[in-house]
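Below is one structure, written out as structure tokens; the observations come after it.
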Amino acid sequence: MRHIRTIIVDDEPAARDRVARLLQRDDEIELVAQCRNGQEAVEAVKKHRPDLLFLDVQMPGKNGFEVVADLDPNRLPFIVFVTAHDQYALQAFDVNAVDYLLKPYDDERFHNSLDKAKRFMDLRMSS
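Each residue of the sequence shown is one higher than the one before, counting from 4 in our numbering.
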């Protein structure tokens, strides 16, 4: 069984907890860090080298797009943006996000996004 190293980044504790709770149901997920802001996210990604990043857009300090810009483009994890702001969707796909989860989302939508990320990982591994 594979282990998908995952980081959650959101300035709202309840939002981080919800993602973590939904991820707990999946035996393949290894939650390696939870971050409250963009700077913590950049440090955690460099330290843990995750496969998957659930990333909020609007946070104090660095926003989600600034986080992506600060990461090594050759080691980018798969990114699912999780935000209450729909106006950033096109920009998210410009930085090759796997998906864009608009808050509030239901469990089914979340798991569809996670499944999509896994398919992207499978494609990368097979190429």
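Heads up, the beta-carbon is just placed ideally off N, CA and C, and yes, glycines get one too. As the structure is a computational prediction, the values presented were derived from the model and not from experiment.
| Query | Result |
| --- | --- |
| Would residue 40 and residue 73 qualify as a contact pair, given that the criterion is a beta-carbon distance under 8 Å? | no |
| Which residues share a DSSP beta bridge with residue 83? | 57, 102 |
| For the alpha helix (DSSP H) holding residue 42, just list the boundary residues, first then last. | 41 to 51 |
| State buried or exposed for residue 131, treating a residue as buried only when at least 16 other CB atoms are found within 10 Å of its CB. | In the structure as shown, the chain begins at 4 and stops at 130. Residue 131 is therefore absent and cannot be evaluated. |
| Candidates 37, 31, 93, 30: which alpha carbon is nearest residue 22's? | 37 |
| Have a look at the DSSP bridge pairing and note the partners of residue 37. | 11 |
| Considering Cα atoms alone, identify which of 108, 120, 98 is closest to residue 86. | 108 |
| Once you ignore the five residues that flank residue 54 on each side, which residues in its own chain have a CB closer than 6 Å to its CB? | 7, 8, 80 |
| Report yes if the CB atom of residue 105 is closer than 8 Å to the CB atom of residue 89, and no otherwise. | yes |
| Please classify residue 130 as buried or exposed, where buried requires at least 16 neighbouring CB atoms within 10 angstroms. | exposed |
| How big is the Cα-Cα spacing for residue 58 and residue 78? | 16 Å |
| Which residue comes first and which comes last in the alpha helix (DSSP H) that contains residue 16? | 16 to 26 |
| Quick check on this structure: which residue in 4, 28, 97, 68 has the alpha carbon closest to the alpha carbon of residue 45? | 68 |
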